[in-house]
Amino acid sequence: MTRTLMPLTDLAAAIRRAVAVRTDWTDTAELVAESLRAHLPGPEILTPDQRLGEPDRVAGHLLHVEPDGAFSILGLVWRPEQTTRIHDHITWCVVGVLSGVEHEELFDEALTPIGTRDNPPGEVSGFAPPGDIHRIRNIGDEIAISLHIYGTDISRVGSSARRYYN
Ligand SMILES: [Fe+2]
Numbered sequence: 006m007t008r009t010l011m012p013l014t015d016l017a018a019a020i021r022r023a024v025a026v027r028t029d030w031t032d033t034a035e036l037v038a039e040s041l042r043a044h045l046p047g048p049e050i051l052t053p054d055q056r057l058g059e060p061d062r063v064a065g066h067l068l069h070v071e072p073d074g075a076f077s078i079l080g081l082v083w084r085p086e087q088t089t090r091i092h093d094h095i096t097w098c099v100v101g102v103l104s105g106v107e108h109e110e111l112f113d114e115a116l117t118p119i120g121t122r123d124n125p126p127g128e129v130s131g132f133a134p135p136g137d138i139h140r141i142r143n144i145g146d147e148i149a150i151s152l153h154i155y156g157t158d159i160s161r162v163g164s165s166a167r168r169y170y171n
């Protein structure tokens, strides 16, 4: 099982309380976002090596899996120009930016762009399917690091993405 780093203990406990409310995905995402805002770690939650990112992909580091599989916490590292594909999700998601700026593009079901936003350090947002098709890119010139919380056991399902779109 993934070891939980000490600085994430309080965050994991707060998420555990939020999930235990057992409301719908949209409200759960908002409760978990409140938890993350209250316990947002710094980028040093990742090791110096992890914070360098990878040359060929967005680097993901699984930091915590709740023992009952209710949620997972990942650290993601984006070098400049790195991007996700356009995708949606199998469950609710909460994202908090720790350093750099993540440029997010939102799409409707026809893949028509419906908005963009630049998420700076400290920005926390929660969302849930449906209506969650997006792409995240690092359009800045420094490394971007963010924490992603998903309402499932990522070590079992492998990915938070439900579908990729081309
Ligand atoms: Fe996503």
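Remember, my numbering sits 5 above the position in the sequence shown when you count from 1.
Virtual Cβ for every residue (Gly too), placed ideally from N, Cα, C.
As the structure is a computational prediction, the values presented were derived from the model and not from experiment.
- Judged by the Cβ position, His-66 fails to qualify as a neighbour of ligand 1 at the 7 Å threshold, every heavy atom of the ligand being at least this far.
- Inside the region 102-167, DSSP marks whole beta strand (DSSP E) runs of 3 or more residues at positions 107-112, 118-124, 129-132, 138-142, 149-155, from first to last along the chain.
- With respect to the C-alpha of Pro-53, the residue from Gly-80, Leu-36, Ala-34, Trp-30 having the closest C-alpha is Gly-80.
- Excluding five sequence positions before and after His-108, the CB atoms of its chain that fall closer than 6 Å to its own CB belong to Asp-123, Arg-142, Ile-144, given in chain order.
- Only exposed fits Arg-168, as fewer than 16 other CB atoms lie within 10 angstroms of its CB.
- A Cβ-Cβ distance of about 13 Å is found for the pair Pro-85 and Ile-150, leaving them out of contact under the 8 Å criterion.
- In this structure, the beta-carbon distance from Ile-91 to Thr-157 does not fall below 8 Å.
- Judged by DSSP secondary structure, Val-24 falls outside any beta strand (DSSP E) and instead within the alpha helix (DSSP H) spanning 14-25.
- In chain order, Ile-91, Ile-138, Tyr-170 place their CB closer than 8 Å to the CB of Leu-116, counting only its own chain and leaving out the 5 sequence neighbours on each side.
- In terms of side-chain proximity, the C-beta atom of His-94 is found nearer than 7 Å to a non-hydrogen atom of ligand 1.
- When the alpha-carbon of Ile-148 is set against those of Ile-159, Pro-126, Asp-73, Arg-140, the nearest one is in Pro-126.
- Per DSSP, the unbroken beta strand (DSSP E) holding Leu-67 starts and ends at 64-70.
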